[in-house]
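Counting in numbering that gives the first Met the number 0, the sequence shown runs from 0 upward without gaps. For glycine and all other residues, C-beta sits at the position ideal for the given N, C-alpha and C. These numbers come from a predicted model, not from an experiment. One structure is given below, encoded as structure tokens.
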Amino acid sequence: MEKWTKVKLNFKVVCAWCGVVVRRDDWEDSQGMCFACYYRILSKHFQSQRQAGASLRASER
Numbered sequence: 000m001e002k003w004t005k006v007k008l009n010f011k012v013v014c015a016w017c018g019v020v021v022r023r024d025d026w027e028d029s030q031g032m033c034f035a036c037y038y039r040i041l042s043k044h045f046q047s048q049r050q051a052g053a054s055l056r057a058s059e060r
């Protein structure tokens with residue numbers, strides 16, 4: 000009988016924003032987001048929310 004060997008596939012998961020290799024995985028779907036890009040986007044979102052809130056309060060005076 001033939002011996003079957005299990006081949007472990009090794010795909011790169013790369014950040015969709017900056018292209019850095021995040022990790023290696025067994026799945027072919029290889030896009031993700033690194034923590035640096037995630038926190039950068041989150042920070043920009045909160046900054047825009049704070050600015051929108053500050054302009055709203057200034058117009059109420």
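Q. What distance in whole Å lies between the Cβ atoms of residue 23 and residue 34, which are believed to be in contact at a cut-off of 8 Å?
A. Mapped onto the sequence shown, residue 34 falls at position 35. Mapped onto the sequence shown, residue 23 falls at position 24. Wrong, their Cβ atoms sit about 16 Å apart, outside the cutoff.
Q.
Suppose only complete runs of 4+ residues qualify. What are the alpha helix (DSSP H) ranges in the stretch 7 to 38, listed by chain order?
A. If we require 4 residues or more, the stretch 7 to 38 turns out to have no alpha helix (DSSP H) run fully inside it.
Q. Is DSSP giving residue 43 helix, strand or coil here?
A. For the purposes of this step, residue 43 is taken as residue 44 along the sequence shown, with counting starting at 1. Assignment of residue 43 by DSSP, reduced to helix, strand and coil, places it in the helix class.
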